[in-house]
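In the numbering used here, the protein residues as written are 2 to 68.
Even glycine gets a Cβ: it sits at the ideal position worked out from N, Cα and C.
The next block holds one structure in the form of structure tokens; read it before the comments.
Here you go:
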């Protein structure tokens, strides 16, 4: 599977978990992760460590992610 397909699938999973985030904020995870984590904190009150654990869990739940 191509990397762009993997990124799109991950972005879809992120959107399902954090539906208050805009598409731009979700897309920032790939290029500017600090901006992504800042948006998660602002909209959900979740600290970076917690958000990172959730992202890892989303990736682990999907066999197609071999990052």
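Residue 3: not part of any alpha helix (DSSP H); DSSP gives it neither H nor E. Cβ atoms of residue 8 and residue 31 come within 8 Å of each other, at about 6 Å. The Cβ-Cβ distance between residue 60 and residue 11 falls below 8 Å. For residue 20, there is no enclosing alpha helix (DSSP H), as DSSP marks it with neither H nor E. Taking C-beta atoms as the reference points, residue 19 and residue 45 count as a pair closer than 8 Å. Taking C-alpha positions only, residue 24 is separated from residue 6 by approximately 16 Å.
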